Structure formats: C-alpha cells, structure tokens
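Everything below concerns the one structure shown next.
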Amino acid sequence: MAAPSRALLTDLPKGHEFPPVTFTLTPEYVLRYLDAVEDGNAIYLERGLAPPLCAAASGLGKLLDLVELPAATLHTGQEVEVRGGVPIGAAVTLTGRIAQRAERAGMAICALDFELTPAGAGGPALTGRATVLAPAGLAT
Amino acid sequence: MSVAPVVKQLSPEQVGRYAAASGDHNPIHVDEEFARATPFGGTIAHGMLVLAAISELMAETCGEAWLTGGRLRVRFRAPCRTTDTITASAKPQVDRDGMCVYAVEVRNQAGELLISGTVEAPAGA
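Those sequence lines, one after another, are chains U and W.
Start counting the first sequence at 55; every next residue gets the next number (our numbering).
Start counting the second sequence at 6; every next residue gets the next number (our numbering).
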C-alpha cells in the first residue's frame with residue numbers, strides 16, 4: 055500500500071490550522087445537493103441562499119480534502135451557526151483548524167472548527183464544528 | 006407552533022448521489038463489501054445526509070430565518086442504514102434570547118434514535 059501523501063487527520067495536533075481555501079458555492083453544486091437530499095423547498099433558490107447544511111457540507115468536504123481519513127472514521131457530532139447566510143454563487147473562503155483532539159482506547163476524537171466567509175464580507179457567514187471518531191495511528 | 010415531521014425513505018442510490026454531491030466517498034457509505042466487514046455489517050448513510058432532514062424541517066418551519074440565522078447542535082447517536090425510513094421531528098421549547106428553540110431528533114422505522122440535539126432560529130423573522 056502506498057504511503058498517504060497527506061497527513062492523517064488523527065495525526066494532526068490540537069491547534070493545527072488548515073490553509074485557507076477559496077471556492078465558489080455554485081448553483082450547480084446547490085442543485086446537486088438538493089437533489090441528493092431530496093429537499094424540494096423552493097426557498098433556497100428564491101432567496102439565493104444556500105441551505106445551511108449544504109454550505110457546511112461543502113466546507114467540511116473541502117477541509118477533509120486536505121487530509122487522509124481512516125476508512126472507519128465516524129461523524130459523531132455537528133454544530134452549525136449561520137451568520138447572515140451563504141449566497142448561492144458567492145466565492146467563499148474556508149478556514150479551519152483542529153479545535154480539540156483527545157485519544158481514548160485507541161480511538162482519536164477530533165473536533166474540526168471551520169468558517170465560511172464570502173468575498174467582501176466583514177466576517178464569516180457560517181461557522182461550524184464537526185466532531186469525528188477514528189482509529190488512532192492507522193493508515194487508510 | 007406545531008411542526009410537521011419530515012419522513013424520508015433512504016436508498017443506496019440516494020446515498021450514492023449524496024456521496025457524489027458532497028465528495029465524501031468513505032467506503033462505509035458506498036462500498037457494501039467493505040461495510041459488511043465492519044461492526045455495522047453493511048453500508049450506513051452519511052450523517053450529514055440524515056441531518057439534512059432536520060434542516061429541511063427547519064426551512065419549512067422557520068423559512069428565511071433558518072437560512073440567515075439558524076443554529077444547530079446535534080449528536081449522531083446511532084448509524085442509519087442506507088435503506089432506513091427516517092423521521093425528523095422538532096418540539097418547540099421556551100424561546101431564549103430572541104431565538105425560537107427546538108429539541109430535534111431523527112429516528113428510524115424501528116423507533117431507534119439516530120440524531121438528537123437542538124436547533125434555534127431568530128423569532129419573529
């Protein structure tokens with residue numbers, strides 16, 4: 055098996071900062087998301103605002119693109135706070151960090167904090183924390 | 006305010022669509038052979054896919070207030086099978102600091118608790 059080219063999430067220390075990532079929350083992405091979760095509410099497109107969990111999932115996905123996840127990683131908790139909403143079509147900058155890390159019985163518990171800030175905005179439009187549980191010290 | 010529950014019949018096909026949309030291709034969600042060898046004994050749905058039923062419920066109940074000022078804090082209590090029928094429900098609590106507060110949960114067809122927590126949205130929006 056080839057060695058992972060990226061750091062394992064469970065090897066990252068508390069306080070680790072991920073490099074900022076800028077991306078666009080495109081209408082196509084939002085439509086794919088709405089189709090996948092089978093949410094037919096028209097309010098998102100009428101108001102031009104992404105579903106909060108769509109924005110959170112996109113941010114979390116970008117963050118987890120930066121690390122290797124053990125295959126048995128489990129999502130155990132989620133927090134989201136919307137601060138104005140994430141406009142569909144906006145370029146947003148994602149920042150994230152390992153807010154907490156603990157190890158128990160061979161399992162690592164990691165809390166990843168992330169923020170999504172639209173271009174030109176004075177602060178984040180959405181913040182979140184994902185807590186995951188994964189075997190500590192294992193390759194994928 | 007009473008809140009009508011959201012009921013969803015999941016399927017492996019839908020979980021596959023969510024994996025494609027989100028980019029989360031963890032084999033525990035999409036690889037039946039891999040998942041059979043885990044303690045779960047089969048594939049499970051993404052937590053964020055199951056949680057989306059709560060967000061849908063809150064968008065229906067609170068409208069734009071949910072999209073611009075919602076807060077959510079939940080724990081994933083048990084795995085959700087990719088063929089489960091899930092019911093997301095919300096019980097209004099006492100409003101706090103200008104926010105409508107709801108205790109939320111998602112259960113499967115057997116009544117097993119999959120997700121629990123609280124959500125808030127600005128009142129009077």
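Glycine included, C-beta positions come from ideal geometry on N, C-alpha and C.
Computed from a prediction, not measured in an experiment: that's the story for all the values here.
Buried or exposed: W/GLN19, going by 16 or more other Cβ atoms within 10 Å of its Cβ?
Here residue 19 of chain W is taken as the residue at index 14 of the second sequence, counted from 1. Result: buried.
Proximal residues to U/ARG139 (C-beta, below 7 Å), its chain only, five neighbours per side dropped:
In the first sequence, counting from the first residue as 1, residue 139 of chain U sits at position 85. Reading off the sequence shown, one finds Gly at residue 139 of chain U, where the question assumed Arg. Answer for U/GLY139: LEU103 and ALA179, listed in chain order.
Please report the straight-line C-alpha distance between U/ALA200 and U/PRO189, rounded to a whole angstrom.
The structure shown has nothing for residue 200 of chain U, since chain U only spans 55 to 194.
When DSSP labels each residue in this structure, what does U/PHE77 get in the three-state scheme?
By 1-based counting over the first sequence, the position of residue 77 of chain U is 23. Of the three classes helix, strand and coil, the one that applies to U/PHE77 here is strand, per DSSP.
Cβ separation of W/ALA58 and W/LYS13, assumed to be a contact under 8 Å, to the nearest whole Å
Against the second sequence, residue 58 of chain W aligns to sequence position 53. Against the second sequence, residue 13 of chain W aligns to sequence position 8. Taking C-beta atoms under 8 Å as the contact rule, W/ALA58 and W/LYS13 qualify, at a distance of about 5 Å.
Is the shortest distance between the beta-carbon of W/GLN114 and the beta-carbons of chain U less than 9 Å?
Looking up residue 114 of chain W in the second sequence gives position 109. Chain U, which has no Cβ nearer than 9 Å to the Cβ of W/GLN114, makes this no.
For U/TYR87, I'd like the list of residues in its chain whose CB is within less than 6 Å of its CB, leaving aside the five on either flank, ordered along the chain.
By one-based count along the first sequence, residue 87 of chain U stands at place 33. In chain order, CYS108 place their CB closer than 6 Å to the CB of U/TYR87, counting only its own chain and leaving out the 5 sequence neighbours on each side.
Do U/PRO81 and U/LEU99 have their CB atoms nearer than 9 Å?
Residue mapping note: residue 81 of chain U aligns to position 27 of the first sequence, counting from 1. Residue mapping note: residue 99 of chain U aligns to position 45 of the first sequence, counting from 1. Yes, these two residues count as a Cβ contact at 9 Å.
Between W/ARG22 and chain U, is the shortest Cβ-Cβ distance under 9 Å, so that the two count as touching?
Locating residue 22 of chain W in the second sequence gives position 17, where the first residue counts as 1. It does; some Cβ of chain U falls within 9 Å.
Between which two residues does the alpha helix (DSSP H) holding U/ARG60 run?
Sequence index remark: in the first sequence, residue 60 of chain U carries index 6 (1-based). Taken as a continuous stretch (DSSP letters only), U/ARG60 belongs to no alpha helix (DSSP H), as it is neither H nor E.
Using the rule of at least 16 other Cβ atoms within 10 Å of the residue's Cβ for burial, across every protein chain shown, is U/ALA193 buried or exposed?
Against the first sequence, residue 193 of chain U aligns to sequence position 139. Low confidence applies to U/ALA193: its pLDDT is 47, below 50, so where it sits in the model is not reliable enough to give any reading.
Comparing the C-beta of U/ALA175 with each C-beta of chain W, is any distance below 9 Å?
Within the first sequence, residue 175 of chain U is the residue found at index 121, counting from 1. By this cut-off, U/ALA175 is not an interface position.
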